[in-house]
Every structure is written in C-alpha cells, then in structure tokens.
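Each remark here refers to the structure printed beneath this line.
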Amino acid sequence: MTGPNRRTLLKQGGAMLGLAAASGVIGTPLIAQTRTLRVGSYGGYFENSFKEHVFPAFTAATGITVESVTQPNSSDWLVTMQQATAAGSVPTDISLYARDTMIKASRLGGLIKPLDLSKIPGASNLDPYFVFDGGQGPLGVGAMSWFTSMVINPTEVTEAPASWAEFWDTSKYESSLGLSKNFNALFLDITAATFFDGEATFASDEGILAVIAKVAELKPNVALWWSAESQMEQAMKNGDVIGGQYYLDVSNLMASDGFPIKPIFPKEGNPQDYGSWCLAAISDKDAEAAEFMNFSSDPATQALMSRKIGTAPLIAKEKTDLTDDEFAFVSGSPSIKPAYEAYLDKETFIKEAWDKMVAGV
C-alpha cells in the first residue's frame, strides 16, 4: 500500500533521536547462550535505528543475538522469499510484511509458518486486528504502524475541519487541496469512511465506482495531484495548497521546523497502515522468533520504537509511558482500516477507474 513511499520517515526521522528511551525495555539478561535470530527490516534510517536501539535491548533482555537483514518494503521481498524457500535456505527467520503482502503470502501458502500465540503472550496487548490469521492460524504479529493524515495550513484555515467532508466545500477549498495521484494511496478509503460504509463498500464494483464518483466531485478543489511526497511537501511550504492528505510523521516534522502545516484527526479518522513480523516457513527459530515478537509487543518496546523510529504504537497510549505530545507526534484516533483485499483482488479494475477519473476521461 502506501508503505513503500513512506520513507521520509526513515530519512527525516532522525529528529526523533533526541527523545528519551522508553523505560523498562531492557530486562534482566538471561544466562548467555549462543542463540541467534535473523530479522528483516527496511533499510536506511529505519534499519539503523533498529540496530542501534531495538535489537540491543532485545539481546540484553533475552541473550539472543540479532543479525539484521535489509529487506524492501514491497512485494519484491515476497518473490525473494518464494525463491529462497524453494531453494531451501531463506535469508531471514523473521520478515517485516505489510498487510497486503501478508495476505498474498497466506494465499500462496508454504511461505509463512503459523505462530503459537501461547508463546507470545505480549500479543494480547495488541488489538486483534493486528494479529493476522490467514486461515491457517496466526501468521503475523503487528510490529508498528503509520498514518496518512488530513493536513491543513493553520495560517490559512483558522478553523480545523471536523470532517473530511468539509474538503468537498468549494466555497472554502476551491483549487487549494493536494491529494495523492496513486489509486491505492488511501483517499478512496477516506472517502468510503466519510460518505459510505467504509471497507464494506469495496465489496462490489458498484460500490467502488460510487466511491470514485464521489472523489470526482472533489476535483474542482484539487490544485495538486501529487505522485511524489516531495511535491506535496513543497506545495505546503510554498502555500500552493492549504490542505489535503499527507503523512502524519512527516507533517509533524515539518511543523517542528516551523512550516505552516498541521495534521488533523477528523471524526472519521485517518488511514492507518502497518507492518507485521512473520516467521519463515522453513526457519527452525520458532522459540527465538516467539521471544522477539513477544518483546516487540511489550508496551515499553512499542514506546521505544515510537521515540526512536517515529512509528505509531499498536497498543493503547494508556499502556505506554508516552506523553501526550509524543503520542500525537506519531499517532491518533480514530483510524480508518484500508480495504487491503479489494486492492489485491480488484487492482486492475480500481486502478483503471481511478486513473480515468483523475484524467477526466
């Protein structure tokens, strides 16, 4: 989904490094053992932050040494894992999969090993939505998440919108909004949550076309259909647009630097995407993987990742020691659940209808 494009978080998130580490993450080390675990994570700042903060804390708590493996945040990794599994030797024990990639893997079968949740009691901290069951049992435990947010220029929009529906008001927003040009960048989910029955609307072609037709009504208010996040960033900085959709973490970083942008959680919420830890089917590290997923699900670790990596926790704020400001920097409520399966099952249909709408065909 939007994950592959989200990586200004990884490039700019260094601003988060000054925040204090979560308390209580590092427990009492076990007796030293030669136990190891290979864990995949997206490269760049994201992986470096895991190597600097999360993996050492896990090793200190369990005695298990982590080997970090760089993996892409895309279906390309699924192809790599398919080929490696067929060859009998995979590059990681645990991979970090977006939900759509998990769905693909579960449908293919033989790539992800079902998990014994009794060995991962910390997973009970997560909303059940973030423990993925592909029909063969639990296949993924949520790791972290990120939001696409409503944003406004607070110097131009003095009264924050209470609903996404307000963006359709031409008297306020004519030729002034920036929206993603990509069909799967979650604005369809926003529209479905605002005017229809949310994810259920994607169950039929008629529902999908109705949502796209509703987005078409917004076109007079769209000044920019952005395909690269740098375009929206610059448009907000220049005042070329005064509102739209953008990434929560990057918006907060821009606001911290003094630029006129403010993320908003309206009554319908903002779309929440997330990644999950999944165990390779041919890995023999079941016990170590369970310990890692349990550690990752701990409230202190979730808070650590929010502070050091800039990701949103998958547990209630009240379970963490995050301050209100720290939590607002990376998360909020309510959240909109993307229609992952519809985007997979009806990708060509949705993309063609969306592209025609944007092009005015």
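Quick note on this note's numbering: the sequence shown kicks off at -9 and runs consecutively. The beta-carbon is built from N, C-alpha and C at its ideal position, and this holds for glycine as well.
Check                                                                                                                           : Outcome
Backbone CA spacing between E123 and L129 [nearest angstrom]                                                                    : The sequence as given places Asp at residue 123; Glu does not occur at that position. Approximately 6 Å between the Cα atoms of the pair.
Closer than 7 Å: K209 CB and nearest the ligand GTP heavy atom                                                                  : Looking for the ligand GTP in the displayed structure turns up nothing, as the structure carries no ligands at all.
Simplified DSSP state of I21, which is helix, strand or coil                                                                    : Bear in mind that a pLDDT of 48 at I21, under 50, signals an unreliable position, so the number given afterwards is only what the model happens to contain. Coil, per DSSP.
Spatial neighbours of S65 in its chain, beta-carbon cut-off 6 Å, leaving aside the 5 residues before and after                  : T91
Stretch-stretch touch, CB-based, cutoff 8 Å, three pairs: the region 339 to 348 with the region 163 to 176                      : yes
First through last residue of the alpha helix (DSSP H) which encompasses T435                                                   : Since the first residue shown for the chain is -9 and the last is 351, residue 435 is missing from the structure and cannot be characterised.
Contacts around A271, its chain only, beta-carbon distance under 7 Å, and the 5 residues preceding and following it disregarded : T75, G100, L101, I102, K103
Minimum C-alpha distance to P261 - residue among Q61, K346, S325, E57                                                           : S325
Buried or exposed (CB count within 10 angstroms, at least 16 for buried), N284                                                  : buried
Inter-residue CB distance, L304 and M134 (contact presumed, cutoff 8 Å)                                                         : 7 Å
Buried versus exposed, by CB contacts within 10 Å (16 or more), T191                                                            : buried
Opening and closing residue of the beta strand (DSSP E) in which T60 lies                                                       : 54 to 61
Among A332, A318, Y333, nearest to F137 - alpha-carbon criterion                                                                : A318
I142 and A152 closer than 8 Å at C-beta                                                                                         : no
D179 versus A329: straight-line alpha-carbon distance, rounded                                                                  : 7 Å
8 Å CB neighbourhood of K94 in its chain, flanking five on each side removed                                                    : S65, L68, L334
C-alpha distance - A293 paired with S273, whole-angstrom precision                                                              : 29 Å
Same chain, Cβ closer than 6 Å to F185, five either side skipped, listed in chain order                                         : K204
Whole-angstrom distance between S165 and A88, CA atom to CA atom                                                                : 34 Å
Supposed contact pair G112 and D288 - C-beta distance, whole angstroms, cut 8 Å                                                 : 5 Å
Check whether M244 and I251 have beta carbons under 8 Å apart                                                                   : yes
V44 - DSSP class collapsed to helix/strand/coil                                                                                 : helix
CB-CB length for I84 against W267, believed under 8 Å                                                                           : 5 Å
Local Cβ density within 10 Å of G125, reported as buried at 16 or more and exposed below that                                   : exposed
Classification of Y35 by the beta-carbon crowding that lies within 10 angstroms, buried from 16 upward                          : buried
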